[in-house]
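A short write-up of the structure that comes next.
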Amino acid sequence: MNLLSRIVKEEEGQALTEYGLIIGLVSVGLILALGILKDSIAAVFDDIKAELNP
Numbered sequence: 137m138n139l140l141s142r143i144v145k146e147e148e149g150q151a152l153t154e155y156g157l158i159i160g161l162v163s164v165g166l167i168l169a170l171g172i173l174k175d176s177i178a179a180v181f182d183d184i185k186a187e188l189n190p
């Protein structure tokens, strides 16, 4: 039974590590995408600001 409980704990740790890696990769992807699109995003907000200010 001790072996079985160790295997379950190791799998839980592995899943947690995998989720952490996925979250890290998604975060890096979002940061890169925002860096690439920052000028386009700024232009959209500038257009909105120009429409709201007479």
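Just so you know, we're using the numbering used here here: the sequence shown kicks off at 137 and counts up by one. Quick reminder that beta carbons are idealized off the backbone N, C-alpha and C, glycines included.
- C-alpha of ILE159 to C-alpha of GLN150: approximately 14 angstroms in a straight line.
- Counting only the Cα atoms, LEU152 lies some 47 angstroms from ALA186.
- ASN138 carries a helical assignment under DSSP once its states are collapsed to helix, strand and coil.
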